[in-house]
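Here the protein sequences come in this chain order: A and B. So the first sequence is numbered by numbering that gives the first Met the number 0: it starts at 0 and just counts up by one. So the second sequence is numbered by numbering that gives the first Met the number 0: it starts at 0 and just counts up by one.
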Amino acid sequence: MPDATAPRSMKELHKIFLEDVYKIPEGENIKQCIQCGTCSGSCPTSYAMDFTPREIIAAFRAGMLDRVLKSNTVWMCASCYYCTVRCPAGIKLTDIMYELKRLGIEYGLYPKGTTAPVLSKTFVKMVDKYGRSPEMELLSRYLLTTNPLGMVGMAPMGAKLFFKGRLGIFPKRIKGQKEIAKILKSALAETEEPVEAKPESPKEGGHS
Amino acid sequence: MKQYLYYPGCSLEKTNFSFDHSSREVARGLGFELKEIEDWNCCGSTSYMAVRELRSFAISARNLAIAERMGKGDLVTVCTACYTVLAKTHTYLKENAELREKVNHALAAADMKYSGGVKVRHLLDVIVNDVGLEAVKGKVTKPLAGLKVACYYGCQLSRPHGTFDDPEFPVTMDHLAKALGATPVDFPLKAKCCGGMMMTTVADVGLKLTKDLLYCAKEAGADLVITCCPLCQVNLESYQGKIKKTFGTDPALPAIYFTQLMGVALGLPEKNLGLGSELVDPRPALAKYLGNGGGR
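Right, here's the structure in full:
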C-alpha cells in the first residue's frame with residue numbers, strides 16, 4: 000500500500016492522471032485539445048481560477064500538473080458542465096476536473112485553506128455511515144473544521160429554516176447500511192487506488 | 000393509475016420537502032403516481048465523485064439496481080443533481096465495460112446487480128413529453144394570467160446529456176409556464192450556474208453568481224423565479240440579504256419549484272404544495288391565484 004500523502008514524481012502523477020482520464024468514455028479526446036479556450040470562456044468561475052480550464056491542459060502538456068493541483072483551480076469548479084458541452088474536441092472537462100480533485104485529495108496536493116476538499120471528504124464519510132446525506136450534520140462538521148466562528152454567522156439562517164420545518168436535526172439512516180458497507184468494501188478491493196491516509200479518522204482537514 | 004418509480008434524493012427529505020410534496024401532488028393531479036423506490040441511498044452528488052470514483056459509481060448504481068428489481072423502465076427524479084449523477088452512472092456503465100464489471104462486482108457483495116434496464120428521467124421531461132402540454136392546459140383551473148416568471152434551469156438539468164432539452168438554452172419550463180397561463184420573461188441567464196456548493200466553500204464566488212441571476216431576473220420584470228433544482232432554490236432565496244448588503248440592491252424575489260407553481264394553477268390544495276416554507280414568501284406574488292383569493 001503506497002503512502003497516500005507521499006509526494007510522487009511528476010512522471011508518475013501524469014501517468015496516473017492520463018490512465019484515469021482514458022477510462023472516461025471518449026477520454027482519449029484530451030489529445031485533441033486545440034487550446035481554443037472555449038472552456039475558459041464558458042466557465043462561470045474561470046475569472047477566479049489560478050489556471051483557467053484551457054490552461055490546465057496546457058500545464059499538463061508542459062509537465063506542470065502539480066502546479067495546477069496546488070492552485071485553487073479545480074476547487075473553483077462548480078460542475079456546471081458548460082465546458083463539457085461546448086468543447087469542439089469533445090473533451091469532458093468536468094470529468095477531468097473530478098479526476099484532478101481526486102488526485103488532489105489522494106495526495107494532499109491542494110492549497111492550505113481550501114475548504115472544498117474538507118466538505119467532499121466529510122460528505123463521503125457521512126454517506127458511508129448513514130447511506131444518505133445528513134445535511135445538518137454535514138454542514139456542522141464542515142464548519143467546525145473549517146470555520147468554527149462561521150457557525151455563529153449561519154445561526155440565523157439555521158433558525159429560520161428550523162422554524163419552517165426545513166432543518167433535519169437527526170440523520171436518517173437507510174435500512175441497507177450493511178449492504179452499502181459491503182458494496183463499498185468490495186469496490187475498495189476492486190481498485191488499486193491507495194486508501195486515503197485516514198478515511199475513517201474523526202480528525203479532519205489535516206492535510207498540508 | 001400509471002406509475003413511475005421515483006427517487007426523491009436526500010435534500011428533498013427535509014430542507015426541500017416542498018419539492019417532494021408538490022411533485023407527488025402534481026403527479027396525482029395529472030393522473031399518475033410517483034412510487035418511491037425502496038430504501039434508496041444518496042446518489043453521490045457532486046462531492047462523492049470528487050473523492051472516490053468507483054465507490055461513487057457503485058453506491059449510485061445501487062439505486063439503479065433497486066429500481067431495476069422493482070420493474071424495468073423509467074426512474075423519475077426531481078433533483079437535477081441526482082438526475083445527472085444517476086443518468087451519468089447509467090450511461091458510463093453502459094459505455095465502459097470495465098467499469099460495468101467492477102461496479103457489478105461491488106454490487107454482488109450485497110447480492111445486487113444492475114444490467115442497464117433503467118431509464119433515468121426528470122419529472123419535467125415526464126410532464127412535458129409523456130403527459131403533454133395540452134393535457135396540462137386542460138387541467139388548469141386557475142390560469143396564471145398576468146404572472147411573470149423567470150424560468151431558471153441551472154446546470155444539471157440539460158447538461159451534460161441534453162436528453163430532452165437544449166444544453167445551452169433550455170425551453171421546456173418556459174413552455175410549461177405558458178401552458179399554465181403565466182408569462183415567461185426573457186431570462187438570458189436561465190441555464191447559468193448559481194454556484195452550487197460553492198456558496199458554502201467559496202462564498203464570494205457563489206454569491207456573485209447567484210446575484211447575477213437574481214438581478215437579471217428582476218430586471219426582466221419577473222414576479223418570481225421557478226426552478227427545478229433544490230440547491231438552486233436554496234441558493235436563490237437564502238442569500239438575498241447578503242446580496243443586498245454586498246451589492247446594494249435587494250432582489251426581493253421569491254424562488255419556488257415549478258411543481259409548486261403547477262400546483263397553484265391546477266388548483267391543488269395549497270397545504271400539499273409546501274407554499275410558505277420559503278425564506279422569501281412567494282404567496283404575495285401568487286395571492287391572486289391561490290384558493291382563498293389571497294385573503295389570509
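The beta carbon of each residue, even a glycine, is placed where N, CA and C say it ideally should be.
Between B/S59 and B/L230, the C-beta spacing is not below 9 Å. Cβ-Cβ distances below 7 Å link B/V84 to C42, G43, S44, S59 in the same chain, with the five nearest sequence neighbours on each side left out; the list follows chain order. Here the alpha carbons of B/I36 and B/H121 stand approximately 15 Å from one another. A/Q176 sits in a helix when the DSSP states are folded into three classes. Closest option to A/I173, judged by alpha-carbon separation, among B/G153, B/Y3, B/E12: B/E12. Within chain A, A77, S78, C79 have C-beta atoms less than 8 Å from the C-beta of B/G195, given in sequence order.
A direct Cα-Cα distance of roughly 6 Å separates A/Q31 from A/A88. Contact between A/K69 and A/L108 holds, with the beta-carbon distance rounding to 6 Å and staying under 8 Å.
Listed by position along chain A, the residues whose Cβ is nearer than 9 Å to that of B/V50 are K100, R101, I104, E105, P116, S119, K120, F122, V123, E195, P198. By a beta-carbon distance limit of 8 Å, B/M48 contacts A/Y97. Their separation comes to about 5 Å. DSSP places A/F161 in the uninterrupted alpha helix (DSSP H) bounded by 149-162.
Contact note: A/P87 does not reach chain B at a C-beta cutoff of 9 Å; the least C-beta distance is about 14 Å.
Per DSSP, B/F31 is not a residue of any alpha helix (DSSP H); the beta strand (DSSP E) it occupies stretches across 31-35. For B/K34, the nearest beta carbon of chain A is not closer than 9 Å to its own beta carbon.
Using a C-beta cut-off of 8 Å, the region 130-137 of chain B makes no contact with the region 150-169 of chain B, since fewer than three inter-stretch Cβ pairs fall below that distance. Distance from the CA atom of A/Y106 to the CA atom of B/D73, rounded to whole angstroms, is 40 Å. The alpha-carbon separation between B/A178 and B/A219 amounts to approximately 20 Å. Here B/F257 is actually not in contact with B/L132; their C-beta atoms are around 13 Å apart, not less than 8 Å. Residues of the region 148-166 of chain A with a C-beta less than 8 Å from any C-beta of chain B: M156, K159, L160, K163, G164, R165, L166, listed in chain order. By the rule that beta-carbons nearer than 9 Å mark a contact, A/S185 touches chain B.
Among the residues facing chain B, A/K22 is included, as its CB has a counterpart in that chain under 9 Å away. Residue B/G262 holds the alpha-carbon nearest to the alpha-carbon of B/T140 among B/A26, B/C215, B/G262. Within its own chain, the residues whose Cβ lies closer than 7 Å to the Cβ of A/C79, once the five positions on either side in sequence are excluded, are P43, listed in chain order. In this structure, the beta-carbon distance from A/I104 to B/V125 does not fall below 9 Å. Using a Cβ-Cβ cut-off of 9 Å, A/E134 counts as an interface residue toward chain B, since at least one Cβ of chain B sits closer than that to its own.
With a threshold of 9 Å between beta carbons, A/G130 makes contact with chain B. Put simply, the CB of B/H104 is near chain A, with a gap under 9 Å to one of its CB atoms.
Bounds of the alpha helix (DSSP H) holding B/H104 are 96-107.
One finds nothing in chain B with a Cβ atom closer than 8 Å to the Cβ of A/G36; even the nearest lies about 17 Å away.
Look at B/R23 here: in three-state DSSP terms it is helix. With fewer than 16 other Cβ atoms from the protein chains shown falling within 10 Å of its own Cβ, A/G36 counts as exposed. Relative to A/L12, the option among A/D65, A/I33, A/E54, A/I168 whose CA is nearest is A/D65.
Judged by DSSP in its simplified three-state form, A/R131 adopts coil rather than helix or strand. Residue burial annotation: B/Q239 is buried, with at least 16 other C-beta atoms found within 10 angstroms of its C-beta. For A/D94, the three-state secondary structure derived from DSSP is helix.
Secondary structure of B/R51 (DSSP, three-state): coil.
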